[in-house]
Structures are given as structure tokens and as C-alpha cells.
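Data block below; observations after.
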Amino acid sequence: MTRPLFALIAILLLSLPAAAQPAPQKIFKAGAATSNITPPLGELIVGGWKPIPATFIHDELHARCLVLDNGDTQLAFVICDNVGIPREVFDLARKHIAAQTTLPPENVMMSSTHTHSATTARGESKVEADVQFTWYQQFLARRIADGIRRAMANLEPARIGWGGVEEPSQLFNRRWYVTDPELRKNPFGGIDEVRMNPPAGNASLVKPAGPIDPEISFISVQSTSGRPIALLGNYSLHYVGGVPASDVSADYFSIFADRIGELLPASSEGPPFVGILCNGTSGDVNNINFREPARSRKSYEKMREVADLVARRVAEAHQHITFHDWVPLSAVTRELTLKVRKPDEAMQKYFAEILARTADAPPLHHSHERTYAERVTRLANGPDEVTVLLQAFRIGDLGIAAIPFEVFTEIGLEIKDQSPFADAFTISLANGSYGYLPTPAQHRLGGYETWMGTNNVQLDASERITESLLQMMEGVQGPESSVQSQK
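Numbering-wise (the numbering used here), the sequence shown opens with residue 153 and increments by one.
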């Protein structure tokens with residue numbers, strides 16, 4: 153071949169349009185990190201009816217962070233060891249993230265585990281924004297952003313897989329039909345149809361008022377060499393408890409995080425493995441078998457049992473999932489305005505009489521009537537509406553919904569059933585903490601979770617939220633994308 157012909161071929165190749173040249177292959181990356189959010193001793197522990205100063209740190213509290221990057225889109229998930237964090241604190245964290253990283257803040261999901269043995273990150277009201285942040289709220293927002301920065305620094309080429317496995321033995325609906333009207337009294341001077349947390353083994357128990365969701369959903373990411381990077385689990389269990397009143401603890405969520413790392417097993421090489429467990433739709437489900445009399449246990453004994461069982465079930469299922477070299481990622485965020493519940497004239501009059509009594513006066517009808525008199529008064533004097541943040545995510549053929557309430561299990565089951573995705577789960581207490589979210593049918597039954605001041609928004613809020621999220625999941629699913637897979 154002559155030299156002029158070589159030159160002509162070279163010129164022709166160089167002149168080919170960019171579209172005709174092979175596109176570079178996209179690289180999927182993942183990174184994870186933890187950020188310590190433990191408060192100092194003396195801070196108030198919330199989760200019971202009366203806050204108690206912390207005197208002992210049993211285990212540290214963390215914000216556990218996972219960042220995914222497919223070359224087109226970045227997503228981040230942050231799960232915090234806290235009973236419930238207001239939207240304003242999460243929004244402050246988003247501002248730090250936007251200022252300090254390239255991660256789109258709208259693609260970040262932040263939630264609380266709902267441990268009942270952590271300090272408060274809330275203000276006085278769940279529907280009214282705090283005028284000024286407390287020191288812990290500012291600290292928490294900064295530490296969330298720090299965790300995201302560290303997770304992004306750990307980004308590396310990775311593979312991702314997801315799956316699910318059932319474990320019903322640790323789940324019990326805590327709302328019960330009971331025959332004894334004394335057990336069904338409410339703080340508003342009336343009688344409900346159901347009781348939350350009735351006495352275990354009581355002769356008046358009839359049946360639970362709702363279902364459970366036994367599925368443990370999980371996402372796993374590993375390096376291209378197979379080293380575990382992180383695993384994010386989702387289980388619809390309120391929390392376990394069994395913690396001394398003045399202890400700080402992340403509950404069974406952190407024990408699961410450690411145990412799943414042992415079982416996979418995680419490697420000592422590279423960035424530390426991050427185990428994560430988020431709260432599913434557990435607003436009406438806990439770990440108490442009410443059909444049997446209560447059994448005495450040592451502190452932390454039951455949560456260790458539950459965490460170990462859940463971790464072992466996930467580890468078994470983990471052996472059978474498919475890992476993908478690349479998957480589509482996307483996110484949709486939507487704000488939804490809801491009406492705040494308000495007391496009518498009769499209720500205001502009733503509670504005014506309660507508040508007019510001395511604080512040490514014996515209750516007229518219910519042991520917590522004064523507490524609800526104060527809560528309802530705050531609602532009456534607060535805003536008429538609240539705007540909540542909803543999110544939907546796509547990770548390959550997996551859909552994730554995020555709701556800023558303590559969501560009833562039947563709502564999560566409906567989202568799973570109606571979702572356009574092959575697999576789906578819901579994260580509760582995400583991007584805010586506005587109280588319980590029962591269905592309208594559960595509202596009609598009454599019970600603690602439906603009481604004004606425990607539930608704070610319009611009675612059909614669950615239907616509006618579910619409708620919005622299903623629309624969002626349809627939108628986030630988008631067109632079919634290729635998925636590169638490897639066992």
C-alpha cells in the first residue's frame with residue numbers, strides 16, 4: 153500500500169463524526185461511610201412519655217451513608233440513628249451538601265431509624281418549623297453532610313444487586329380489638345374500637361387490627377473484585393427496645409449493621425464496610441407477641457436476637473442475588489401540601505378544663521389527657537397547612553418510596569402491590585417527621601396512632617400520599633435501560 157493511500161485512510165478516520173465512534177462504557181461506582189452523631193451525656197433521651205437525661209452511652213449513634221453513581225446520575229441514602237428528625241434539619245444538611253459536593257441535593261434521601269434511645273432532634277411542634285436551630289440540630293446537619301462527603305471520597309467501581317427474604321416471626325401488629333372498654337379509653341373523653349399495645353396475654357384480646365409485612369428488602373454493593381462495600385436493609389419493625397431508660401443506643405439497627413458485616417463477610421481491606429438498616433412501614437407493628445404473657449429479659453437481649461436473625465436471613469438470601477455492572481438510576485421529588493388537624497369547639501372546651509386543673513390532679517378519664525391537651529392546643533395555635541417532601545427512586549428494576557411519617561404497614565403493602573417495579577420498598581420517617589400515618593379506615597377505629605397530636609394531618613393524607621408516590625414511581629421508572637449483569 154502506498155504512502156499517499158495510508159495518509160488518505162488516516163484523514164478519513166479522523167474526519168468521522170463523533171457519533172460514529174464507540175461511546176466510552178459507563179462505570180458504575182459506589183461509596184459508603186458513617187458519621188458519628190452521638191450526643192454528650194446529659195442530653196435528653198426521647199422515646200417515652202417523659203424525656204430522661206442520658207447517663208450512659210451503650211453504643212454510638214451514626215448517620216450511615218451510601219452514595220451510588222452510574223456516570224449519569226448520583227443518588228445518596230443517609231439513615232440516622234434517631235427517633236425522628238424534622239424536615240428543617242434535613243434541609244439544612246442539604247444546604248451543606250450542595251455547598252460542599254457535586255451531589256444534587258434533591259437526589260439525597262435522609263431518614264431516621266426511630267430508635268427510642270437517642271436524643272431529640274425535634275422542636276416543640278411536628279408541623280411548625282423551628283425559628284432557631286438547637287446546637288444538636290446544627291451538629292446533626294453538619295455530620296450528615298460530612299458523612300456524604302466521606303462516602304463520595306470512597307466512590308470506586310462497583311457492582312450492585314438487590315433482593316428480599318421473609319421473616320415474619322419478629323413482627324406483630326400492635327393495634328388490637330379488645331372487649332374491655334377500659335382498655336379502649338382515649339384522652340379525648342371517649343372510647344376507641346381498638347387499643348395500641350394492650351396488656352400481653354390479656355383475656356380481652358380478640359384479634360389484631362392490621363397486617364404485617366414480613367419482607368426484608370436489601371441492596372448490596374461490592375467492588376468489582378467482590379469486596380463488600382455496603383448493604384442497606386429495610387424491615388417493617390418499629391424498633392425492639394429493652395434499653396435502660398437513661399442509656400443511649402441505636403437499638404437493633406446498629407447490631408444488624410455490625411452482624412451483616414460479619415456474615416457476608418466484610419473485608420478488612422479498603423474503606424470499612426457499612427451495614428445499614430432503615431425502617432420500613434412499621435407505624436402499627438412492633439416486636440411484642442401480645443397473645444403470650446410478657447416475659448422478663450435482660451437489657452439488650454431481645455434486640456440482639458432480632459438483629460442476629462434478620463442479618464442471618466439477609467446473608468442467606470444474599471448468596472442468590474444477581475449483581476449488575478451497571479444499572480439506571482433516577483429520582484423524583486415532589487412537595488405535597490396537607491391540612492393540619494384542628495380541634496373543634498367542644499374539644500377545645502374539654503381540654504381547657506383539663507389544663508385549668510393543677511398538674512398533679514388525678515386524671516378525669518385517661519392518664520395522658522393533659523399531654524394531649526397541650527398537644528392539641530399547639531395544633532390549634534399552629535399553621536393550617538404543612539408541606540411535606542416525597543421521593544421516589546429507581547435503582548435498576550427496584551423502586552424505593554420515601555415518606556416523612558411513621559407509616560402504617562398496609563400502606564407499604566399497597567405501594568409494593570401497585571408499584572410498576574418488579575421489587576419495591578418504602579422508607580419511613582424520610583425527609584421529615586410529622587407523626588403517624590394511618591389509613592382512613594384505621595382512623596375510624598381510633599387508637600393511639602390516630603389521636604390528634606399523635607397524627608397531625610388530614611384523615612385522608614395516606615391516600616393522597618400513596619397516589620402521589622405511585623405516580624412518581626411511574627415517572628421515575630422511565631424507558632427501559634440496559635442492565636449489565638454478573639452473578
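In this text, a Cβ means the ideal position worked out from N, Cα and C, and glycines have one as well.
Cβ-based burial, residue i [other Cβ within 10 Å; buried from 16]
i	result
K450	exposed
L168	Note on L168: pLDDT 43, under 50, position unreliable in the model; the coordinate value appears next. So L168 ends up on the exposed side.
F158	Caution applies to F158, whose pLDDT of 47 falls short of 50 and renders its modelled position unreliable; the value that the coordinates give is listed next. Classification of F158: exposed, given that the 10 Å Cβ count is below 16.
K181	buried
M625	buried
W328	buried
G199	buried
Q322	buried
A613	buried
N306	buried
K501	exposed
I249	buried
E108	The structure shown does not extend to residue 108, since the chain spans only 153 to 639, so no value can be given for it.
H472	exposed
G598	buried
A555	Looking at the sequence shown, residue 555 is not Ala but Ile. Its Cβ being crowded by 16 or more others within 10 Å, I555 is buried.
R295	buried
G427	buried
D536	exposed
D496	exposed
Q173	Note that Q173 scores 43 on pLDDT, short of 50, meaning its location in the model is unreliable and no value can be drawn from it.
L165	Its pLDDT being 42, under 50, L165 is placed unreliably by the model, and the measurement read from it follows with that caveat. With fewer than 16 other Cβ atoms within 10 Å, it is exposed.
E526	exposed
S269	buried
F324	buried
E619	exposed
Q629	buried
M153	Because the pLDDT of M153 is 45, which lies under 50, any placement of that residue in the model is unreliable, and the number read from its coordinates should be weighed accordingly. By the 10 Å Cβ count, M153 comes out exposed.
Among the options, nearest to residue i - alpha-carbon criterion
i	options	result
T606	V479, K494 and F475	K494
C232	E468, W328, I579 and T207	I579
Y586	F557, T271, G599 and S571	F557
G551	S398, F370 and L196	F370
T267	G353, G236 and R274	G236
R274	V241, L255, I617 and S375	V241
T190	S356, S401, V373 and F577	S401
K202	V346, A185, I555 and T272	T272
P192	A206, A184, R311 and T186	A206
K178	W603, P480 and Q629	P480
H518	A409, L335, T602 and F291	L335
T225	I209, E212, G194 and N259	N259
Y588	L516, V437, I197 and R456	V437
R379	A418, A498, A504 and R546	A418
P257	G534, N441, A228 and C217	A228
T602	A361, E319, A397 and D243	A361
M261	N583, L621 and Q610	N583
E457	E319, T265, L622 and W314	E319
R302	F425, V317 and Q284	F425
V219	Q623, K568, P339 and T186	T186
R443	E521, P351, Q289 and D344	P351
Unbroken alpha helix (DSSP H) run spanning residue i, endpoints
i	result
N533	E521 to N533
A504	E497 to A508
V241	R239 to Q252
D410	Y404 to L415
A418	Per DSSP, A418 belongs to no alpha helix (DSSP H) and is neither H nor E.
A467	E453 to H470
Span of the beta strand (DSSP E), counted from its first residue to its last, around residue i
i	result
S187	K181 to N188
S375	E367 to S375
D477	F475 to W478
D221	H214 to D221
R327	R327 to V330
L227	Q226 to C232
L196	L196 to V198
Those residues which DSSP pairs with residue i across a bridge
i	result
K491	E537
S482	R546
R391	It should be pointed out that residue 391 corresponds to Tyr in this sequence rather than to Arg. Y391 pairs with nothing; no bridge assigned.
G427	L383
G551	R546 and A576
G628	At residue 628 the sequence reads Val, which differs from the Gly that was named. For V628, which the question treats as bridged, DSSP gives no partner whatsoever.
V437	N325
V400	I209
I204	I197
Residue i CB to nearest heavy atom of the ligand SAM below 7 Å
i	result
G432	Absence of the ligand SAM from the depicted structure is noted, as is the absence of any ligand whatsoever, leaving it without description.
Please give the ranges of any alpha helix (DSSP H) in the stretch 259-324, keeping only runs that are unbroken, at least 4 residues long and fully inside the region. 287-305
My parser needs the beta strand (DSSP E) runs of 3 or more residues fully inside the stretch 569-615; what are they? 575-579
In chain order, each beta strand (DSSP E) run of at least 3 residues that lies wholly inside the stretch 335-359: 346-348
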